[in-house]
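Chains as they are written, first to last, in the numbering used here: chain A, 1499 to 1779; chain B, 37 to 356; chain C, 890 to 1387.
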């Protein structure tokens, strides 16, 4: 689960191409929630496990449900996981990082040591554990994935803020006697955005990957929902007879990830050329 | 702050993380829904049998007592007993760890050699068709989730080609060829994403070095291109790649859980998923502890390497 | 914290020492799905473990593929007129795998271990009727029962009541020893269980193959490839959707046999909404069991009324079951106080594909009858503690049991052990019929009473027994001498490999 730096000259085109494709997928996801060729949960015993055809471009699954309709109806779930988890890590992680940077001492120790602790658990295991405690559902997957990425966001924000705190304009604000909230909100945050936005782009990719992996392991949205990871897991039993049941959602997932990756890459090139070449574990 | 102080601080941090982790794992494991006694008795559990078994297993003691019993036993090398399999957890985990390690070692070597090799190739063939193709391939490798790679591999190799034993494991005593054939697919799937990662980084840092004044000067002195590459450019370009490799060792552990599940490879990841499914708490606790310890160690080594190679971090680390 | 080096080295050494050189000769390889957990026969609880228990151990009696009970370690048995005293004459000269001779003392010790109130055998309650057991001489065992019970020899065919040597009873979990046709060699969790031919097996000339290996291969597509490639000889418990596609292959033999294993939706009679008989009836009217069999089992099963399968002579084939009628279901729901239908969760076990499919099928089909079900999947390990007796509706199923009495009585009799845990059903007519059937040894009396039970269940449903499910197995044509056993274990004494 990693990301690469594209050659620098392509910057605008990756962003534009990725953005356009992502918009298209988003549109398909929104439309897919209401408008699908068939009812994505309706059974058709006589049409089960049919190969792709003009009637069913992606074939049908073990209940005779139209796979294309199910892929469309499930698109918003993957998007929700990606962007939802990113939002959670942003909303929780950025304030914590800022506070840790500003209030050195005991506050910082508590925040940063908790972060160390959370980061020491492999993400998949942390997700597995969190979801084993409670019955799975979409929002819990989103929360679990978001939680996994909070520490990374905290570390990044803190590092960026620490650098900014040394800058003259912040020192000047301090000299003027401005309070912590004002300094953080008006001086630090506006200047800390570029690396944070770049990080967000990365997080969306990872969140979609991790979310679909958890869902594949049975810890996401529940049937008859058609989350792509879940569809792949359900299709495994029929891999030999009807590979399309697995392949359609799997390839869709790949396309989505390529698009998000392109956008993240474009953002990175655009906003923070110095970040190129740095690791993003 | 000197290197020794930095090291000491980091070591203390590591111990703290491990202790905190033991508390966290114990806590999470004990609020898992389900009940050990029910898990052992299966569909035959009666309330009386459950109560009796719980008493026998010491599950009615207060949690702090159970935690201390667990921690002190573990420090003395007693890893407890898998209650579902009724066997000592230590050897079970050691065996599984050994099998996971052979996956990890091969995957990691592949990542190191393949990643750096491809990165160097791409950097020295910058802008040519082969570089562009590599970029595209790497891009795709990264965008495919591990579990989907695994399913594709099963589909293609086991179902269509009948080539490799797509899943499972064969002990070395079955012969080297058989043992190795079971490793090929999981190792490849584990390595795919990371190879791309490392090669991209190697490529960009190599390009940076090749464009640097230092290399230009060497070329100007009339040194052979081969010598410029191997003697001057490569060592400088490798530094960032090596640190990234250390970080990727940590990522590999996460990937192993998924890959072992799909390939039915009897390693540590699968043992943990089994422990979660069968509610085997002693096994789960110790297994999680071992995995996090390895993960924390990998992070620790990564941090050390980074600090050694890039002294500026040490200052930042001191304030972290 | 890390593993000490000594632990690591020690275990790797141990592994090399224990792992045997591969037995030459004909070894039958069977592909199974999950790792075995328990090796102690009295602790086995899963289908994969049952296969093992029946290869390594013997009971006093055994069940043939046609469900007829025949002598095993016992040569013959008699019972008193009041059905409370049973005397078993043992076969003599039977050797355990460790060379010791099996005597009545071993039988007594095996049963005392199983019935030990401080022991942990999960099946102890199934033998509650046993008061005492004694060995008047080395070749005779006497059971004293608390109640008249006609089916003792039948239930002694079950998976957990196996005879082990009293000298080694404490080591069953790691070094199991029995009298069976195959002896335990080694076991690697997640990989394989290796068994070798027992040379001193009491039936001369048997078994015919040199060994058996149970290979753990969870991924079905891989298991099928392994069967086609000849890496395994038998594929145990073939998924029902594969029966038709594989039947046409010339190198394979595919068997699909009816069993008494059943799946169903567990309706909790103690809490709303299913505490109302009308709601239970409505659920039965809402869906068509034939359609469920087609969707869930790909046609490999039969709708049923109770755990008695339609293949059994006691099945009530003349009792009329109302046809599915969603409109009538909604009407009943309205009468019961749910004019807008009922919305409630249905819990499915993760990783049991057939039962998951049953849940998804019900979720979709029951909509028309006014049931709006939300699927929730949970790990099966949390079912007993979190779901049974607490959730109003969930999907579960049970393996076939050796007799009709053991399949019905604990489940449907008021205060029956399973009844108390699953659905809290109580019906006087059912109680009377179940009591009458078990205290008679006359098949005609039993049949009449069991048909009464089924008729009552149609009028006053306890729970939703969806179907009796088929059991399928695929064999390479090189394998011969094996009949597919409806109890889902294997009798490999006559198996050959060409």
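Cβ atoms here follow ideal geometry from the backbone N, Cα and C, with glycine treated the same way.
Chain C contact residues for residue i, given Cβ-Cβ distances below 9 Å
i	result
residue 1716 of chain A	1239, 1240, 1266, 1268
Where the alpha helix (DSSP H) through residue i begins and ends
i	result
residue 1309 of chain C	1306 to 1311
residue 1337 of chain C	1332 to 1348
residue 1742 of chain A	1742 to 1769
residue 853 of chain C	With chain C represented from 890 up to 1387, any question about residue 853 of chain C goes unanswered, as that position is not in the structure.
residue 169 of chain B	165 to 179
residue 83 of chain B	83 to 93
residue 1299 of chain C	1293 to 1301
Residue i (DSSP reduced to helix, strand or coil)
i	result
residue 1022 of chain C	strand
residue 1283 of chain C	strand
residue 1564 of chain A	strand
residue 1708 of chain A	helix
residue 1208 of chain C	coil
residue 1537 of chain A	coil
residue 300 of chain B	coil
residue 230 of chain B	helix
residue 892 of chain C	Any reading at residue 892 of chain C must be qualified, since the residue scores a pLDDT of 37, below 50, and its modelled position is unreliable; the value itself is stated next. It is coil, neither helix nor strand.
residue 1121 of chain C	coil
residue 1512 of chain A	helix
residue 124 of chain B	strand
residue 984 of chain C	strand
Chain A within 8 Å of residue i, Cβ atoms only
i	result
residue 1253 of chain C	yes
residue 147 of chain B	no
residue 1105 of chain C	no
residue 51 of chain B	no
residue 165 of chain B	no
residue 930 of chain C	no
Terminal residues of the beta strand (DSSP E) in which residue i lies
i	result
residue 1144 of chain C	1141 to 1156
residue 975 of chain C	974 to 979
residue 1364 of chain C	1353 to 1365
residue 1674 of chain A	First-last for residue 1674 of chain A: undefined, no H or E at that position.
residue 1034 of chain C	1029 to 1034
residue 1329 of chain C	Premise fails: residue 1329 of chain C is in no beta strand (DSSP E) and is neither H nor E.
residue 952 of chain C	950 to 952
residue 1012 of chain C	Element bounds for residue 1012 of chain C: n/a, residue is neither H nor E.
Chain-ordered chain A contacts of residue i [CB-CB under 7 Å]
i	result
residue 179 of chain B	1752, 1755, 1756, 1759
residue 922 of chain C	Near residue 922 of chain C there are no residues of chain A at all, since even the closest Cβ is about 12 Å away, more than 7 Å.
residue 1134 of chain C	1739
residue 103 of chain B	None at all; the shortest Cβ gap to chain A is about 16 Å.
residue 1110 of chain C	1737, 1738
Bridge partners - residue i, DSSP secondary structure assignment
i	result
residue 1085 of chain C	C:1072, C:1100
residue 1260 of chain C	C:1231
residue 968 of chain C	C:975
residue 1267 of chain C	C:1238
residue 1192 of chain C	C:1356
heavy atom of the ligand ZN below 7 Å from residue i C-beta
i	result
residue 1736 of chain A	Among the components modelled here there is no ligand, and therefore nothing to report on the ligand ZN.
Within chain A, the residues that residue i reaches when beta carbons sit closer than 8 Å
i	result
residue 1113 of chain C	1738
residue 1249 of chain C	1561, 1721, 1722
residue 187 of chain B	1730, 1734, 1737, 1744, 1748
Minimum Cβ-Cβ distance from residue i to chain C less than 8 Å
i	result
residue 204 of chain B	yes
residue 194 of chain B	yes
residue 388 of chain B	Since the first residue shown for chain B is 37 and the last is 356, residue 388 of chain B is missing from the structure and cannot be characterised.
Chain-ordered chain A contacts of residue i [CB-CB under 9 Å]
i	result
residue 1184 of chain C	1541, 1543, 1546, 1560, 1561, 1562
Closer than 7 Å at the beta carbon, the chain C residues around residue i
i	result
residue 1633 of chain A	1265, 1267
Residue-level contact to chain D via CB, residue i, 8 Å cutoff
i	result
residue 119 of chain B	Absence of chain D from the displayed structure is noted, the protein chains being A, B and C.
Cross-chain neighbours of residue i in chain B, by beta carbon under 9 Å
i	result
residue 999 of chain C	Those within 9 Å of residue 999 of chain C in chain B number zero; the least Cβ separation is about 18 Å.
Residue-chain proximity (residue i, chain B), Cβ-Cβ < 8 Å
i	result
residue 1730 of chain A	yes
residue 1614 of chain A	yes
residue 1710 of chain A	yes
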